[in-house]
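One structure is given below, encoded as structure tokens.
There are 2 protein chains.
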Amino acid sequence: MAGSRSLRQGFKGHASRLTAPRQAILEFLSKSSKHMSAKEIYSSLHRSYPGMGLSTIYRTLDLLARMGIVTKLSLGDGQSRYELRSKKEEEHHHHLICTNCGKIINYSEFLDEELGLVKKTEDKLAKKYNFVIQDHNIEFLGICEKCRGK
Amino acid sequence: MAGSRSLRQGFKGHASRLTAPRQAILEFLSKSSKHMSAKEIYSSLHRSYPGMGLSTIYRTLDLLARMGIVTKLSLGDGQSRYELRSKKEEEHHHHLICTNCGKIINYSEFLDEELGLVKKTEDKLAKKYNFVIQDHNIEFLGICEKCRGK
DNA sequence: GTTCATGCAAAAGATTTGCACACAG
DNA sequence: CTGTGTGCAAATCTTTTGCATGAAC
Chain P
537 MAGSRSLRQG
547 FKGHASRLTA
557 PRQAILEFLS
567 KSSKHMSAKE
577 IYSSLHRSYP
587 GMGLSTIYRT
597 LDLLARMGIV
607 TKLSLGDGQS
617 RYELRSKKEE
627 EHHHHLICTN
637 CGKIINYSEF
647 LDEELGLVKK
657 TEDKLAKKYN
667 FVIQDHNIEF
677 LGICEKCRGK
Chain B
537 MAGSRSLRQG
547 FKGHASRLTA
557 PRQAILEFLS
567 KSSKHMSAKE
577 IYSSLHRSYP
587 GMGLSTIYRT
597 LDLLARMGIV
607 TKLSLGDGQS
617 RYELRSKKEE
627 EHHHHLICTN
637 CGKIINYSEF
647 LDEELGLVKK
657 TEDKLAKKYN
667 FVIQDHNIEF
677 LGICEKCRGK
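For the record, the sequence lines run as chains P and B. Counting from 537, one number per residue, gives the positions in the first sequence under my numbering. Counting from 537, one number per residue, gives the positions in the second sequence under my numbering.
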């Protein structure tokens, strides 16, 4: 798995053991197709791993995010969502969000031209503002067919 | 002010009076340059308007957002931020965010080409997914100069 | 007098933190 | 042993809701 090597090398001098809960969370993220909230991870893992506490999920996600293994997303519904960065790179996508029902569509079919421009913009921004740019987030907001029908 | 006419016409059949607290919030948003959190609005308004409660702020912001007068942003720091849509249109910008210290830079200097592509993508997404697209959000994430120095 | 808006307090969620114990090296 | 990771409970923080009062129409 992508994360295990990095996990074993640890994070910024802090120890980082690849424990059972952490493995479970990583494995779960690598299997799940969508971006998952802490609660969703918790509920799903609870079946096969009854003892696990919510705080462990949060602490692990935070660790993984700081290690760069996981990406934390804020999509506007009041809770953070997480996805494996490797997965994001493989199946890079942007978001189309219904502001009425909260439905999220990951689209990846019009990315080619988008990504070209993104790269260009990244370079300009990096130069002008002295940033090291690591990621981007593009979302379109609107009303989905279903909600419009009502 | 942009909002007053719309406010007086009401919202989807619901009554919507242009009351003093609502005026104060609108005025504050029209003066403020950045996207403000509910708490920030509350603190600032509290000086000139001691009685105002936080819930009024939230209720008003929600109302204004549903009316389309205000845009609600989720920038990943655990609280929502709001800005006048009219202002957004006048001074449309995208975001550059430091994932370490949370600093947010609004940039608007490379938007021309971005917006062209955005329009094209909007059309394609609208057609393919049957969405009515109302808005978009583009952000770049990275590490700012200051944080990198440490 | 009915409806709408507000403040306050309580409630609800999401996330973080303190602490004592378990466990690995 | 020593330090790291964990679960649980409590604490925080943001946002929402219930309710009684007051204002607008």
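C-beta: ideal position from N, C-alpha, C; glycine also. These figures come from a predicted structure and were not determined experimentally.
Query raised in the report: Along chain B, in chain order, which residues have C-beta atoms closer than 8 Å to that of P:G638?
Result: Listed along chain B is no residue with a C-beta nearer than 8 Å to that of P:G638; the closest approach is about 12 Å.
Query raised in the report: For B:E619, which of B:I633, B:L597, B:G612, B:K639 has the nearest alpha-carbon?
Result: Among B:I633, B:L597, B:G612, B:K639, the Cα nearest to that of B:E619 is on B:L597.
Query - Assigned exposure category for B:C496 - 16 Cβ within 10 Å defines buried - result: Only positions 537 to 686 of chain B appear in this structure, which leaves residue 496 of chain B out of reach.
Query raised in the report: Roughly how many whole angstroms lie between the Cα atoms of P:R595 and P:C680?
Result: Distance from the CA of P:R595 to the CA of P:C680, rounded to the nearest whole angstrom, comes to 35 Å.
Query raised in the report: How many angstroms separate the CA atom of B:N642 from the CA atom of P:K660?
Result: Taking the Cα positions, B:N642 is about 14 Å away from P:K660.
**Report entry** Beta-carbon spacing of P:F646, B:T657 below 8 Å
**Finding:** Going by beta carbons, P:F646 and B:T657 fall inside the 8 Å limit.
Query - 8 Å CB neighbourhood of P:H582 in its chain, flanking five on each side removed - result: For P:H582, the CB contacts under 8 Å within the same chain, skipping 5 residues up- and downstream, are M588 in chain order.
**Report entry** chain P contact for B:R684 (CB, 8 Å cutoff)
**Finding:** Answer yes: the Cβ-Cβ gap between B:R684 and chain P drops below 8 Å somewhere.
Report task. For P:S644, collect the residues of the same chain with a Cβ closer than 7 Å to its Cβ; drop the 5 residues on either side in sequence, then sort them by chain order. Result -> Taken in chain order, the residues that qualify are E627, H628, H629.
**Report entry** Completely contained beta strand (DSSP E) runs for the region 573-638 of chain B, where each covers 3 or more residues
**Finding:** If we require 3 residues or more, the beta strand (DSSP E) runs fully inside the region 573-638 of chain B come out as 606-610, 616-620, 630-634.
Requested in this report: With 8 Å as the threshold, decide whether the Cβ of P:G604 is near any Cβ in chain B.
Outcome: For P:G604, the answer is no, since every Cβ of chain B falls outside 8 Å of its Cβ.
Report task. Return the residues of the region 648-664 of chain B that lie within a Cβ-Cβ distance of less than 7 Å from chain P, sorted by chain order. Result -> Among the residues of the region 648-664 of chain B, those with a Cβ less than 7 Å away from any Cβ of chain P are E649, E650, L653, T657, E658, K660, L661, in the order of the chain.
Requested in this report: Measure from the alpha carbon of B:A574 to the alpha carbon of each residue in B:T607, B:S552, B:A556, then state which is nearest.
Outcome: Considering only alpha carbons, the answer is B:T607.
Query - Inter-residue Cα distance where the pair is P:S616 and B:Q559 - result: Taking the straight line from one Cα to the other gives about 32 Å.
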